[in-house]
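**Q** Below is a structure I'd like to ask you about.
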Amino acid sequence: MSRIEAARRRAGGVKRGLAVLAATGLVVAGVLARATNPGHAATFEAMGVDVLVGGATEAELEAIGLLFEKLERTFSRFRPDSELNRVNAAPAEFVAASQMFVRVLALALDAASRTDGLVDPTLGAAIEAAGYDRDFAHVTVDERPPAAGVPGSWRHVRVAGPLVFRYPGTKLDLNCVVKGLAVDAALQQLAGDGFVAAGGDVGVRGTAVVGLPGGGSLTLRDGGVATSGTTHRLWLRGGESQHHLIDPRTGRPSMSPWSEVTVAAGSCLEADVAAKAAFLLGDSGPDWLDERELPGRFRAGVREVANESWRRALEPEPAQAA
159 MSRIEAARRR
169 AGGVKRGLAV
179 LAATGLVVAG
189 VLARATNPGH
199 AATFEAMGVD
209 VLVGGATEAE
219 LEAIGLLFEK
229 LERTFSRFRP
239 DSELNRVNAA
249 PAEFVAASQM
259 FVRVLALALD
269 AASRTDGLVD
279 PTLGAAIEAA
289 GYDRDFAHVT
299 VDERPPAAGV
309 PGSWRHVRVA
319 GPLVFRYPGT
329 KLDLNCVVKG
339 LAVDAALQQL
349 AGDGFVAAGG
359 DVGVRGTAVV
369 GLPGGGSLTL
379 RDGGVATSGT
389 THRLWLRGGE
399 SQHHLIDPRT
409 GRPSMSPWSE
419 VTVAAGSCLE
429 ADVAAKAAFL
439 LGDSGPDWLD
449 ERELPGRFRA
459 GVREVANESW
469 RRALEPEPAQ
479 AA
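Just so you know, we're using the numbering used here here: the sequence shown kicks off at 159 and counts up by one.
This is the structure:
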């Protein structure tokens, strides 16, 4: 039985995207959704998060479920038989990889280049050193002190046709792009308007009102919104709080002043990459997003900061002349 076949399904549909309503009780990373147009909504678990799809036919739901399964099989850090683990374990500098693996790695390297290395696909060893070395459901308090940080080394990785080059011992972790990419790819399976939400990432075709962490909402048209933060995946190692957002400059969990950063963009992948980079940049994050004309909202406890692009995006559109 596939993941979609085993999922909890609800007939209904989509209000051309995601509505911030609690009527159905479907909750994905703080986003509440109610389906109101013809179609189907379904939830299932993949990549360690809940996935919510709205506005899909039965066939489209099945295709989306298979897509997430394939991505998880290929890129999971916690499946011994994943292609990611095979590449990481290879003793040679050059490793043959599948077309999908090479394509996603190329996207991750492009993200690293566009963020000056803040989003780095070579942090597998660093996140394991922080204690996240198994499925998060099984991460427990560890009395041992955190291991030494392992800074990123993305410039030493490249792809050439079907081959991946990296120094032996380099541990790739492509989760920096896989979830956002999965949402965008799943959205392409829909023939009409709809939405796909996975963890803190939401992709929309059509128009949607997206609920934001901590309250409020944002109207999104044909794009994506993503949140990166440390409010959910926390654990203790050696008495110190650890989280999964590794600063590649130190190889240690980021000391960013923000608890979470939300970014809207033309795609979920773009929003996800930008949210991670802006989080890691700390106080410079709002200006960094403004330079790229990307709306961003930053939270630190009860404190909220919106950059200029976010404030402009929330301005009401001028009334049309009769």
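Yeah, the Cβ is synthetic: ideal placement off N, Cα and C, and Gly gets one too.
Since T328 contacts T280 with CB under 8 Å, what's their CB separation in whole angstroms?
**A** The count along the sequence shown starts at 1 and reaches residue 328 at position 170. The count along the sequence shown starts at 1 and reaches residue 280 at position 122. Rounded, the Cβ-Cβ distance is 6 Å, consistent with contact.
**Q** Since E462 contacts R455 with CB under 8 Å, what's their CB separation in whole angstroms?
**A** Within the sequence shown, the letter at position 304 stands for residue 462. Within the sequence shown, the letter at position 297 stands for residue 455. Going by Cβ atoms, the distance from E462 to R455 rounds to 7 Å, so yes, they are a contact pair.
**Q** For the ligand SAM, is there a heavy atom less than 7 Å away from the beta-carbon of V253?
**A** Absence of the ligand SAM from the depicted structure is noted, as is the absence of any ligand whatsoever, leaving it without description.
**Q** Mapping the DSSP letters down to three states, classify H369 as helix, strand or coil.
**A** Looking up residue 369 in the sequence shown gives position 211. In the sequence as presented, His is not what sits at residue 369; that position holds Gly. G369: strand per DSSP, three-state reduction.
**Q** Starting from G424, follow the alpha helix (DSSP H) in both directions and report where the run begins and ends.
**A** Translated into positions along the sequence shown, residue 424 becomes position 266. Careful: G424 lies outside any alpha helix (DSSP H) and carries neither H nor E.
**Q** Taking one C-beta from the stretch 309-329 and one from the stretch 209-228 each time, how about it: are there three or more such pairs within less than 8 Å?
**A** Counting Cβ pairs under 8 Å, fewer than three are found: no touch.
**Q** Check each candidate in D380, T273, G372 and name the one with the smallest Cα separation from W312.
**A** Residue mapping note: residue 312 aligns to position 154 of the sequence shown, counting from 1. Taking only the C-alpha atoms, the option nearest W312 is T273.
**Q** What residue does the beta strand (DSSP E) around T408 start on, and which one ends it?
**A** Position 250 of the sequence shown, counted from the start, is the residue given in the question as residue 408. Per DSSP, T408 belongs to no beta strand (DSSP E) and is neither H nor E.
**Q** From the DSSP output, in three-state form, read off H390 for me.
**A** For the purposes of this step, residue 390 is taken as the residue at position 232 of the sequence shown. Reduced to three states, the DSSP call for H390 is coil.
**Q** Skipping 5 residues on each side, what residues in its chain have a beta carbon closer than 6 Å to that of N465?
**A** For the purposes of this step, residue 465 is taken as the residue at position 307 of the sequence shown. So the list reads P444, L447, D448, G454, once near-sequence residues are dropped.
**Q** Hey, how far is the Cα of M205 from the Cα of N333?
**A** Position 47 of the sequence shown holds residue 205. Position 175 of the sequence shown holds residue 333. Rounded to the nearest angstrom, the two C-alpha atoms are 9 Å apart.
**Q** Whose CA, out of L339, R457, W468, lies closest to the CA of E230?
**A** The residue given as residue 230 occupies position 72 in the sequence shown. Out of L339, R457, W468, L339 has the C-alpha closest to the C-alpha of E230.
**Q** Hey, which unbroken runs of the alpha helix (DSSP H) at 4 residues or more fall wholly within the stretch 191-249?
**A** Listed in chain order, the complete alpha helix (DSSP H) runs (minimum 4 residues) inside the stretch 191-249 are 216-233, 241-247.
**Q** Let me confirm a value: D359 is counted as buried when at least 16 other C-beta atoms fall within 10 Å, else exposed. Which label applies?
**A** In the sequence shown, the residue the question calls residue 359 occupies position 201. D359 should be labelled buried.
**Q** Here's a check: name, in chain order, each residue in its chain whose Cβ is nearer than 6 Å to the Cβ of R316, leaving out the five neighbours to either side.
**A** For the purposes of this step, residue 316 is taken as residue 158 along the sequence shown, with counting starting at 1. Once the five neighbours on either side are set aside, the close Cβ partners of R316 are F323.
**Q** I'd like to check one pair, L452 with A432: are the Cβ atoms closer than 8 Å?
**A** One-based indexing of the sequence shown puts residue 432 at position 274. One-based indexing of the sequence shown puts residue 452 at position 294. Yes, they are a contact pair.
**Q** Just the C-alpha distance for A254 and P320, rounded to the nearest angstrom, thanks.
**A** On the sequence shown, position 96 is the one that residue 254 refers to. On the sequence shown, position 162 is the one that residue 320 refers to. The alpha-carbon atoms of A254 and P320 are separated by roughly 6 Å.
**Q** According to DSSP, is R450 helix, strand or coil?
**A** Reading the sequence shown from its first residue, position 292 is the one you call residue 450. The answer is coil: DSSP assigns R450 none of H, G, I, E or B.
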